[in-house]
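Student: In numbering that gives the first Met the number 0, the protein residues as written are 0 to 276. Once you've had a glance at the structure underneath, I'll fire off some questions.
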Amino acid sequence: MRKSAIAALIVTTIAFSQGIPLLSEICVTPTTGEFIEIHNPTSSSIALDDIYLCDLYGTAATLPSFYPQITAGPVTNTSADFLVRFPAGSSLPAGGVITIAMKGSDFQSTYGAAPDYELLNSGVGTQMVTPPNGYINPTAGLTNGDEVVVLFYWNGLTDLVYDLDYALWGDDPTRVVDKTGISIDGPDGDTIPSTYLAETPAASQNAISTGGHSSGQSFQRVDFTEGTESQSGGNGLTGHDETSENMSTTWLTAPPTPGVTYTSIPRTTWAGIKSLW
């Protein structure tokens with residue numbers, strides 16, 4: 000990795016030393032209500048320009064369709080998937096929450112308010128950006144039973160991307176993130192590949208749930224310290240192994256509260272929650 004890329008990464012790592020944005024809520028059904036929520040648990044605003052979002056699981060064997068491939072060439076477009084980034088100039092204020100809908104107009108019909116961002120351009124919410132080497136499949140959505148959502152950082156200069164957060168549900172061991180040993184030579188100006196560190200083996204990863212949630216529910220983060228997640232030796236931007244989080248403990252299933260984190264409101268009925276809109 001060239002010195003300029005290393006310097007840029009060091010500056011970014013320092014900027015995130017007080018904390019990183021976290022996935023805070025995910026709704027996978029009904030289809031019209033699908034959304035992803037991200038929370039900034041820190042006391043400073045976070046720039047989102049170099050932050051990406053995808054639902055691409057994989058291993059070295061499936062690298063062409065796996066999100067680390069973005070640094071070396073186009074990621075293979077697979078059915079109903081996406082790899083997007085936030086628009087230039089986007090930010091998440093201290094303590095703030097943003098919602099990303101699959102389709103903004105559907106989200107608005109379901110929850111009575113517009114999302115902050117959307118994947119499929121319906122004119123409701125700011126559209127997420129399709130980056131070079133990324134894509135938004137026209138049928139993009141979240142699989143109910145076995146799926147991942149990954150929030151990651153890439154400054155466009157390094158061989159490797161750096162995880163910010165990772166959510167997993169379902170019991171299919173082939174539908175997880177495991178970048179162990181993957182070597183990639185990206186745009187850093189040399190021809191020397193960089194290699195990902197070992198991650199938690201698929202069989203040992205702890206999912207939010209062994210399946211999807213029912214309609215009228217969502218997955219919600221309740222532990223913003225990420226539980227017993229390993230804080231060193233990983234592929235996260237601050238050194239964490241995002242694949243090691245004990246998600247069955249740090250997340251739960253509850254009525255959806257888009258735009259409001261689980262810990263910021265009293266538990267109440269869905270009718271009461273909807274009145275917050």
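Just so you know, even glycine gets a beta-carbon here, dropped at the ideal spot from N, CA and C.
Within the region 102-150, note down every full beta strand (DSSP E) run reaching 3 residues or more, in order along the chain.
Tutor: Runs of the beta strand (DSSP E) lying entirely within the region 102-150, each at least 3 residues long, are 116-119 in chain order.
Student: Could you tell me which of Asp164, Leu21, Ile25 and Leu163 sits nearest to serine 213, measuring between CA atoms?
Tutor: Ile25
Student: Excluding the 5 residues flanking threonine 179 on each side, which residues of the same chain have their C-beta closer than 7 Å to its C-beta?
Tutor: Around threonine 179: Tyr195, Ala197 and Glu198.
Student: Between which two residues does the alpha helix (DSSP H) holding threonine 248 run?
Tutor: Counting along the chain, the alpha helix (DSSP H) containing threonine 248 begins and ends at 246-249.
Student: Please name the residue in Pro200, Gly188, Asp162 and Ser243 whose C-alpha comes closest to that of asparagine 234.
Tutor: Asp162
Student: Would you check if the distance between the CB atom of glutamate 62 and the CB atom of isoleucine 181 is smaller than 8 Å?
Tutor: The question names glutamate, but residue 62 is leucine in the sequence shown. Yes, the Cβ-Cβ distance between leucine 62 and isoleucine 181 is below 8 Å.
Student: What is the C-beta distance between leucine 55 and serine 64, in whole angstroms, given that I count them as a contact (C-beta under 8 Å)?
Tutor: 7 Å
Student: Got a sec, what are the start and stop residues for the beta strand (DSSP E) arginine 220 sits in?
Tutor: 217-220
Student: Between the C-alpha atoms of glycine 57 and threonine 28, what's the straight-line distance to the nearest angstrom?
Tutor: 23 Å
Student: For alanine 206, which residues in the same chain have their Cβ closer than 8 Å to its Cβ, ignoring the five residues on either side in sequence?
Tutor: Apart from sequence neighbours up to five positions away, the residues of its chain that approach alanine 206 with a beta-carbon distance below 8 Å are Leu167, Trp168, Gly169, Asp170, Met246 and Ser247, ordered along the chain.
Student: Check whether the region 84-99 touches the region 32-41, taking contact to mean three or more Cβ pairs, one atom from each stretch, closer than 8 Å.
Tutor: yes
Student: Whole angstroms are fine: how far does the CA of serine 243 sit from the CA of leucine 228?
Tutor: It should be pointed out that residue 228 corresponds to glutamate in this sequence rather than to leucine. When rounded, the distance between both Cα atoms is 5 Å.
Student: Using the C-alpha atoms, what's the distance from serine 104 back to alanine 270?
Tutor: The predicted model places alanine 270 with a pLDDT of 36, which falls under 50 and marks its position as unreliable, so this point remains unresolved.
Student: Report all residues from its chain with a CB closer than 8 Å to the CB of leucine 118; omit the five preceding and five following residues, and keep chain order.
Tutor: Phe81, Val83, Ile99, Ala100, Met101, Lys102, Gln126, Met127, Ile135 and Ala139
Student: Rounding to the nearest angstrom, what Cα-Cα distance links threonine 252 and phenylalanine 218 in this structure?
Tutor: 5 Å
Student: So the candidates are Gln68, Ser42, Thr30 and Thr256; which of them puts its Cα closest to the Cα of threonine 142?
Tutor: Thr30
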